[in-house]
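Below is one structure, written out as structure tokens; comments come after it.
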Amino acid sequence: MNRISIGSWLRDFEDLSWRGAVSVVDKKAHWQNLYREKAPTEVSWHQSEPELSLQLMHSSGIDRDEAVIDVGGGASLLVDYLWKEGFSNLAVLDISGYALSVAKQRLGDAAASIEWYETDVTEFMPPHPFSLWHDRAVFHFLTAKPDREKYIDALNLALRPNGHLVIAAFAIGGPEKCSGLDIVQYDAAKLMRELGKGFELMEEREELHVTPAGGEQKFTYFRFSKTEATV
Numbered sequence: 002m003n004r005i006s007i008g009s010w011l012r013d014f015e016d017l018s019w020r021g022a023v024s025v026v027d028k029k030a031h032w033q034n035l036y037r038e039k040a041p042t043e044v045s046w047h048q049s050e051p052e053l054s055l056q057l058m059h060s061s062g063i064d065r066d067e068a069v070i071d072v073g074g075g076a077s078l079l080v081d082y083l084w085k086e087g088f089s090n091l092a093v094l095d096i097s098g099y100a101l102s103v104a105k106q107r108l109g110d111a112a113a114s115i116e117w118y119e120t121d122v123t124e125f126m127p128p129h130p131f132s133l134w135h136d137r138a139v140f141h142f143l144t145a146k147p148d149r150e151k152y153i154d155a156l157n158l159a160l161r162p163n164g165h166l167v168i169a170a171f172a173i174g175g176p177e178k179c180s181g182l183d184i185v186q187y188d189a190a191k192l193m194r195e196l197g198k199g200f201e202l203m204e205e206r207e208e209l210h211v212t213p214a215g216g217e218q219k220f221t222y223f224r225f226s227k228t229e230a231t232v
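First residue of the sequence shown: 2, per our numbering; consecutive thereafter.
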């Protein structure tokens, strides 16, 4: 695993400070209410087994002691699967504290060994570098360019050089909304324009996700390698 100086890495926070925080009260309330109104197995993005995410994460070749963060993980079962596989340096980020509490309760004693971040990803200040950043269906909710820029800033700051990005979004021709919110559809070219320089596309996979209600959602999954320091 490549290591970088924590002191040098922390100094990179300074280039984000000028942006200022955007209020996330309404956004947070939306997701808190949604998780309170529906069981984790009833939300449209629920997966009993996050098969494609796991496949792409395995393809990255990271060791099981390397730092992995699931952005927008909420009550997802991905962290359970990774923990059972022996990944020992896990983190989950979500804007909904209620969703995180569901995951913690489900994991029991194992939850104490996992890092939990209740925050909007656009305001995330990572406390240390990560080897892999996973995002299934968060980035596509960022319809405003400034929010996407803040996301990319956080990603670049969090992900170590030669780290891995596994990201899934609604595909071109897929849904135009989710959970009452507008989204942005992506293909590889469109996503690469957003990420900018420093990321190499390694793999692309399609998924037709069947929701708990029986609907179909067209996703595309991407695996990128961070090829250079970008902060």
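For glycine and all other residues, C-beta sits at the position ideal for the given N, C-alpha and C.
Would you kindly check if the distance between the Cβ of V139 and the Cβ of S54 is under 8 Å?
no
Between the Cα of W32 and those of C179, I173, W134, spot the shortest distance and give me the residue it belongs to.
C179
Nearest to A214 (by Cα), restricted to the options N34, R37, P41:
P41
Less than 7 Å between C-beta atoms, sequence neighbours within five positions excluded: which residues of the same chain meet that for S132?
M2, I63, E67, A68, V69, R161, G164, H165
Do the region 177 to 192 and the region 142 to 153 make contact, defined as three or more Cβ pairs closer than 8 Å?
yes
Check the DSSP bridge columns for K219 and list the partner residues they point to.
L209
Under the three-state reduction of DSSP, which class applies to A40: helix, strand or coil?
coil
Using beta-carbon positions only, say whether Y118 and R37 come within less than 8 Å of one another.
no
Going straight from the alpha carbon of E217 to that of E195, what length do you get?
26 Å
Does DSSP put V185 in a helix, in a strand, or in coil?
coil
Let me check understanding here. Comparing Cα to Cα, which of A30, Y222, S89, L94 lies closest to A313?
Look at the range of the chain in this structure, 2 to 232, and you will see that residue 313 is not part of it.
Contacts around A111, its chain only, beta-carbon distance under 6 Å, and the 5 residues preceding and following it disregarded
W84
Can you tell me which of the three DSSP states I63 falls into?
coil
Return the residue from the list R149, V211, Y222 that minimises the CA-CA distance to A170.
Y222
If we ignore side chains and look at the alpha-carbon of each, how far apart do D27 and V122 end up?
15 Å
Would you mind working out which of K146, G174, P147, I153 sits nearest W134, comparing C-alpha positions?
I153
Reduced DSSP secondary structure (H/G/I, E/B, other) of G164:
strand
Rounded to whole angstroms, how far is the Cβ of I115 from the Cβ of V72, which I believe are closer than 8 Å?
Contact flag wrong, Cβ pair sits at about 14 Å.
For K198, the three-state DSSP class (helix, strand or coil):
coil
Taking the alpha carbon of P51 as the reference point, which residue from T228, A76, R65, S97 has its own alpha carbon closest?
A76
By DSSP, does A68 sit in helix, in strand, or in coil?
coil
Considering only residues of the same chain and omitting the five flanking positions on each side of P176, which have a CB-CB separation below 6 Å?
Q218
Classify A190: buried if its beta carbon has 16 or more other beta carbons within 10 angstroms, exposed otherwise.
exposed
Count the other C-beta atoms from every protein chain shown that fall within 10 angstroms of the C-beta of I173, then say buried if there are 16 or more, exposed otherwise.
exposed
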